[in-house]
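**Student:** Sequence order for the protein chains is G and R. Note that the first sequence covers residues 20 to 238 in the numbering used here. Note that the second sequence covers residues 393 to 464 in the numbering used here. Dumping the structure here so I can ask a few things about it.
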Amino acid sequence: MRIGVITFPGTCDDVDARMAVDKVAESVALWHADPDLHGVDGVVVPGGFSYGDYLRAGAIARFAPVMESVVAAAREGLPVLGICNGFQVLCEAGLLPGALLPNTSLRFICRQVELQVQRTDTPFTSQCQVGDRLSIPSKHMSGRFTGEVPEDQVVLRYVDGHNPNGSQDDVAGVCNEQRNVLGLMPHPEHAVDLLTGGSEDGLKLFAGMAAAVAPAAAA
Amino acid sequence: MRARVLIRPKAGILDPQGKAVERALPALGFSGVSNVHVGRLVELDCEDPSQLDRLCRELLANPLVEDYEVLA
């Protein structure tokens, strides 16, 4: 199966995201100005600072030609994983509920955080158990989740004392109503190798995504 | 037309920038200042003012968390 990873001007985590994908599937580079999804079975919208985040995190990227195709495909059920800036882009694009506001500290925060899995009925968390703790790096300036979201769409929460940004109700990751789109602020693509990630817990989300698209690829 | 758009955090949404200003004021000797909110002003030349509302809603502001107002 093939999973696309988008690069916008200002994206900085696309390489790590492709390395993470390559551990469980085949990664395909997608370019912001090219609306063609090249037949991929899933898409990762990685972290970084798309178009410089000059107006508001993720606000410009949602208008990229590639995003028009991603939005249409996501509504048809394509699995889409948005990480950090990717999460912000998916919220701005209307694929996910809520918005990401500047951290309460107004500072850029970079630290390992503990997440607790709330739901396993998404492709991404299908390899986890409810209550599993994932140790994953987090690094962002605007990660304070705000918005109305039904409890069954909260997929990941910061463990008590690990909320780095002031997110409402410790929300770290949410999915859409259809459950095929997930956005989270921490970076699972940086936690796929013990040498550099502090844990391999992030790999579970990619493995879940790959397992979900495998039947589609085989069909 | 020269348009000015005022964008502010919605009431009830924590505004850490406003809080930071508020906390800094006593150190400078200001007292009796409270309820500070920081927004932003966007100025633009616009040939067709009827498109301003959509422009604000879809790009300049995020209506989920911000209020916007086109100033006369």
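Ideal Cβ placement from N, Cα and C applies to all residues, glycine included. Quantities reported herein were computed from a predicted structural model and do not represent experimental measurements.
Determine the chain G residues that contact ALA395(R) at a beta-carbon separation under 8 Å, and present them in chain order.
**Tutor:** Residue numbering aside, residue 395(R) sits at position 3 when the second sequence is read from its first letter. Per Cβ cutoff of 8 Å: no residues; ALA395(R) is ~17 Å from chain G at best.
**Student:** Pull up the CB-CB distance for CYS438(R) and ALA395(R), whole angstroms please, since I reckon it's below 8 Å.
**Tutor:** On the second sequence, position 46 is the one that residue 438(R) refers to. On the second sequence, position 3 is the one that residue 395(R) refers to. CYS438(R) to ALA395(R), Cβ: 5 Å. Contact.
**Student:** Between which residues of its own chain and VAL132(G) is the CB-CB distance below 7 Å, once the five residues before and five after are set aside?
**Tutor:** Within the first sequence, residue 132(G) is the residue found at index 113, counting from 1. Cβ within range, chain order: ILE155, SER157, TYR177, HIS181, PRO183 and PRO205.
**Student:** Are at least three pairs of beta-carbons, each pair with one atom in the stretch 191-201 of chain G and one in the stretch 93-101 of chain G, less than 8 Å apart?
**Tutor:** Yes: the two stretches touch, three or more of their Cβ pairs being nearer than 8 Å.
**Student:** May I ask you to report which of helix, strand or coil DSSP gives CYS129(G)?
**Tutor:** Position 110 of the first sequence, counted from the first residue, corresponds to residue 129(G). In the structure shown, CYS129(G) sits in a strand (DSSP, three-state: E or B).
**Student:** Within 8 Å (strictly less), CB to CB, does ALA419(R) reach chain G?
**Tutor:** Within the second sequence, numbered from 1, the residue matching residue 419(R) stands at position 27. It does not; no Cβ of chain G falls within 8 Å.
**Student:** What residues of chain G sit near GLN409(R), judged by a beta carbon separation below 7 Å?
**Tutor:** Taking the second sequence and counting its residues from 1, the one referred to as residue 409(R) is at position 17. In chain order: LEU125.
**Student:** Threshold first: 4 residues or longer. Then list the alpha helix (DSSP H) segments lying entirely within the stretch 103-181 of chain G, N to C.
**Tutor:** Fully enclosed alpha helix (DSSP H) runs of 4 or longer: 104-111.
**Student:** Does LEU109(G) pass the burial test, meaning 16 or more other C-beta atoms within 10 Å, or should it be called exposed?
**Tutor:** Reading the first sequence from its first residue, position 90 is the one you call residue 109(G). Buried, since its Cβ has 16 or more Cβ neighbours within 10 Å.
**Student:** Under 8 Å, with one C-beta from each stretch per pair, do the stretch 403-420 of chain R and the stretch 109-129 of chain G reach the 3-pair mark?
**Tutor:** Result yes; three or more Cβ-Cβ pairs closer than 8 Å.
**Student:** Using three-state DSSP, classify ALA230(G) as helix, strand or coil.
**Tutor:** Stepping through the first sequence from its first residue, residue 230(G) is reached at position 211. Helix at ALA230(G).
**Student:** Check the Cβ-Cβ distances between LEU214(G) and every residue of chain R, and say whether any is below 8 Å.
**Tutor:** For the purposes of this step, residue 214(G) is taken as the residue at position 195 of the first sequence. It does not; no Cβ of chain R falls within 8 Å.
**Student:** By the 8 Å beta-carbon criterion, what residues does the stretch 164-180 of chain G contribute toward chain R?
**Tutor:** Going along the stretch 164-180 of chain G in chain order, one finds THR165 and GLY166 with a Cβ nearer than 8 Å to chain R.
**Student:** My understanding is that GLY431(R) touches ARG400(R), with C-beta atoms under 8 Å, so please give their C-beta distance in whole angstroms.
**Tutor:** Residue mapping note: residue 431(R) aligns to position 39 of the second sequence, counting from 1. Residue mapping note: residue 400(R) aligns to position 8 of the second sequence, counting from 1. The pair is a contact, with the Cβ atoms about 4 Å apart (cut-off 8 Å).
**Student:** Below 9 Å between beta carbons is the criterion; list the residues of the stretch 78-104 of chain G that meet it against any residue of chain R, in chain order.
**Tutor:** Within the stretch 78-104 of chain G, the qualifying residues are ALA78, ILE79 and PHE82.
**Student:** Confirm, please, whether the CB-CB distance from ALA76(G) to GLN107(G) is below 8 Å.
**Tutor:** As a position in the first sequence, residue 107(G) is number 88, starting the count at 1. As a position in the first sequence, residue 76(G) is number 57, starting the count at 1. Contact: yes.
**Student:** Please tell me whether LEU398(R) has its Cβ less than 8 Å away from any Cβ of chain G.
**Tutor:** Within the second sequence, residue 398(R) is the residue found at index 6, counting from 1. No, LEU398(R) lies away from the interface with chain G (no Cβ there is under 8 Å from its Cβ).
**Student:** Does the Cβ-Cβ distance between GLY195(G) and LEU100(G) come in under 8 Å?
**Tutor:** As a position in the first sequence, residue 195(G) is number 176, starting the count at 1. As a position in the first sequence, residue 100(G) is number 81, starting the count at 1. The residue you asked about is not Gly; residue 195(G) is Asn in the sequence shown. Their beta carbons are not under 8 Å apart, which means ASN195(G) does not touch LEU100(G) by this criterion.
**Student:** Just to check my reading of the structure: VAL168(G) and VAL149(G) have Cβ atoms closer than 8 Å, yes? What is that Cβ distance to the nearest angstrom?
**Tutor:** Position 149 of the first sequence, counted from the start, is the residue given in the question as residue 168(G). Position 130 of the first sequence, counted from the start, is the residue given in the question as residue 149(G). Actually they are not in contact, since the Cβ atoms of VAL168(G) and VAL149(G) sit about 18 Å apart, beyond 8 Å.
**Student:** Per DSSP, THR30(G) forms a beta bridge with which residues?
**Tutor:** Counting from 1 along the first sequence, the entry for residue 30(G) is found at position 11. Note: THR30(G) sits in a beta bridge opposite GLY67(G).
**Student:** According to DSSP, simplified to helix, strand and coil, what is VAL462(R)?
**Tutor:** As a first step, residue 462(R) is located in the second sequence; it is residue number 70 there, counting from the start. It is a strand residue.
**Student:** Relative to the alpha-carbon of ILE79(G), which residue among LEU97(G), ASP60(G), GLY58(G) and ALA52(G) has its alpha-carbon at the smallest distance?
**Tutor:** If you number the first sequence from 1, residue 79(G) lands on position 60. Out of LEU97(G), ASP60(G), GLY58(G) and ALA52(G), ALA52(G) has the C-alpha closest to the C-alpha of ILE79(G).
**Student:** Spatial neighbours of GLY23(G) within its chain, please: C-beta separation below 8 Å, excluding the five flanking residues on both sides.
**Tutor:** For the purposes of this step, residue 23(G) is taken as the residue at position 4 of the first sequence. Cβ within range, chain order: SER46, VAL47, ALA48, LEU49, LEU56, HIS57, VAL59, GLY61, VAL62 and VAL63.
**Student:** Measure from the alpha carbon of ASP32(G) to the alpha carbon of each residue in VAL43(G), PHE68(G) and ARG21(G), then state which is nearest.
**Tutor:** Looking up residue 32(G) in the first sequence gives position 13. Residue PHE68(G) is the option with its Cα nearest to ASP32(G).
**Student:** Just the chain R side, please: which residues come within less than 8 Å of ALA118(G) by C-beta, in chain order?
**Tutor:** Here residue 118(G) refers to the residue found at position 99 of the first sequence. Under the 8 Å cutoff, chain R gives ASN454, LEU456 and VAL457.
**Student:** Kindly indicate if chain R contains any beta-carbon less than 8 Å away from that of PRO121(G).
**Tutor:** Counting from one through the first sequence, the residue named residue 121(G) turns up at place 102. It does: the Cβ of PRO121(G) has a partner Cβ on chain R nearer than 8 Å.
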